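Each remark here refers to the structure printed beneath this line.
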Amino acid sequence: MAQKLNRTVLVVDDEADVRVFLAVALEEAGFDVVTAADGYDAMEKIKQHPPDLISLDLVMPGKSGVMLHRELQKHRNWSRI
């Protein structure tokens with residue numbers, strides 16, 4: 076396992092196996108990882124604790140990654156994530 080980086084990555088994907096795969100790979104690289112199954116869940120987690128980086132699936136049911144990205148770009152504090 077790599078050295079702890081004290082950086083958080085939010086993994087957003089509607090496919091559970093993709094979320095798990097990316098979470099494990101990122102944790103092994105030293106990142107803290109939070110996951111979300113859709114854009115709505117991701118937005119709630121961003122409001123609670125903004126991550127340093129987002130791995131975002133663009134095509135998801137409900138609020139897509141494209142919609143979430145556009146929403147984040149409207150907020151000064153989140154537009155640079």
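So for the sequence shown, this note's numbering puts the first residue at 76; every next one is plus one.
Beta carbons are placed, not taken as given, at the ideal position from N, Cα and C, and that holds for glycine.
None of the values given here were measured: they were computed from a predicted structure.
Are Leu-80 and Phe-106 closer than 7 Å when you measure CB to CB?
One-based indexing of the sequence shown puts residue 80 at position 5. One-based indexing of the sequence shown puts residue 106 at position 31. Cβ atoms of Leu-80 and Phe-106: closer than 7 Å.
Gly-114: which of Thr-83, Met-135, His-150 sits nearest, CA to CA?
By one-based count along the sequence shown, residue 114 stands at place 39. It is Met-135.
Is Asp-127 closer than 7 Å to Thr-83 when the C-beta atoms are compared?
Taking the first residue of the sequence shown as 1, we reach residue 83 at position 8. Taking the first residue of the sequence shown as 1, we reach residue 127 at position 52. Taking 7 Å as the cut-off, the beta carbon of Thr-83 is found closer than this to the beta carbon of Asp-127.
For Ala-111, which option in Gln-78, His-124, Asn-152 has the closest C-alpha, if you only look at C-alpha atoms?
In the sequence shown, the residue the question calls residue 111 occupies position 36. Each of Gln-78, His-124, Asn-152 was checked against the Cα of Ala-111, and the nearest Cα belongs to His-124.
Tell whether a beta-carbon distance below 7 Å holds between Leu-97 and Ser-130.
Position 22 of the sequence shown, counting from 1, holds the residue named residue 97. Position 55 of the sequence shown, counting from 1, holds the residue named residue 130. Yes; because the gap between Cβ atoms is below 7 Å, this pair is in contact.
From which residue to which residue does the alpha helix (DSSP H) around Asp-92 run?
Here residue 92 is taken as the residue at index 17 of the sequence shown, counted from 1. Residues 91-103.
Start and end residues, alpha helix (DSSP H) containing Val-121
The residue given as residue 121 occupies position 46 in the sequence shown. The amino acid at residue 121 is misidentified as Val; the sequence shows Ile. Unbroken alpha helix (DSSP H) run through Ile-121: 114-123.
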